[in-house]
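Asker: All residue numbers for the sequence shown refer to this note's numbering, where the first residue is 1 and numbers rise by one. Even for Gly, the Cβ is constructed at its ideal location relative to N, Cα and C. One structure, pasted below without further comment.
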Amino acid sequence: MITRAQIHQQNLNKIFYPDSVAIVGANKVVGTVPCDILMNILKADFNGIVFPVSPKEKFIAGVKAYKYVVDIQDEVDLAILVFPSSVCHMALEQCGQKGIKSAIIISAGFKEVGEAGAVLENQLKEIAVRYDMSFIGPNYLGVINTDPRS
């Protein structure tokens, strides 16, 4: 039987060594955090598959975009969420429905802004528990894996 700690470790490994990444909330507005994250991944030495997720765009930087994360037919190892805090829980819920087990939540506006934000942050935690997900964030700038073997 796999323990919760083992599941969490597997999920964390996907944060640092993903084969596929969904940028949930991607856009093509140069200079914005969602666009910068997508462009940094595309310009880096990442050898995996990148899935921009944007309800408004069909392509971003020449890469097919998906309206919702659940529309992606391939397996997704890691979701990077760049949404306003008020809707971030809905995006994480869809990630759980999709079977994504690892996420980085860039979004801000949670417990650091008071009681209403704390409620939103607790929703994220509840979703993560329900789907055996692990996430880093919210209010996170992302990760850089400097392991030369990756």
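When DSSP builds the beta bridges, which residues end up paired with Y66?
Answerer: Answer by DSSP bridge pairing, in chain order: V53.
Asker: Between the beta-carbon of N27 and the beta-carbon of P34, is there less than 8 angstroms?
Answerer: Against a cut-off of 8 angstroms, the Cβ pair of P34 and N27 comes out as a contact.
Asker: Using alpha carbons as the reference points, say which of E121, Q94, A65 lies closest to S107.
Answerer: When each option's Cα is compared against that of S107, the closest is E121.
Asker: Hey, is the region 56 to 70 in contact with the region 1 to 14, meaning 3+ C-beta pairs nearer than 8 angstroms?
Answerer: Flag = no, the region 56 to 70 and the region 1 to 14 do not touch.
Asker: Excluding sequence positions up to five away, which residues of its chain have a Cβ less than 7 angstroms from the Cβ of K153?
Answerer: Residue 153 is absent from the structure shown; the chain starts at 1 and stops at 150.
Asker: Quick one: using the 10 Å Cβ neighbour count with 16 as the cut-off for buried, is I127 buried or exposed?
Answerer: Looking at its Cβ environment, which holds 16 or more other Cβ atoms inside 10 Å, I127 is buried.
Asker: Can you tell me where the beta strand (DSSP E) with L81 in it begins and where it stops?
Answerer: That run of the beta strand (DSSP E) goes 78 to 81.
Asker: How close, in whole Å, do the beta carbons of I15 and S102 come, if the pair is a contact with beta carbons under 8 angstroms?
Answerer: Between S102 and I15 the Cβ distance is about 5 angstroms, and since that is below 8 angstroms, they are a contact.
Asker: Got a sec, what are the start and stop residues for the beta strand (DSSP E) F135 sits in?
Answerer: Start and end: 134 to 136.
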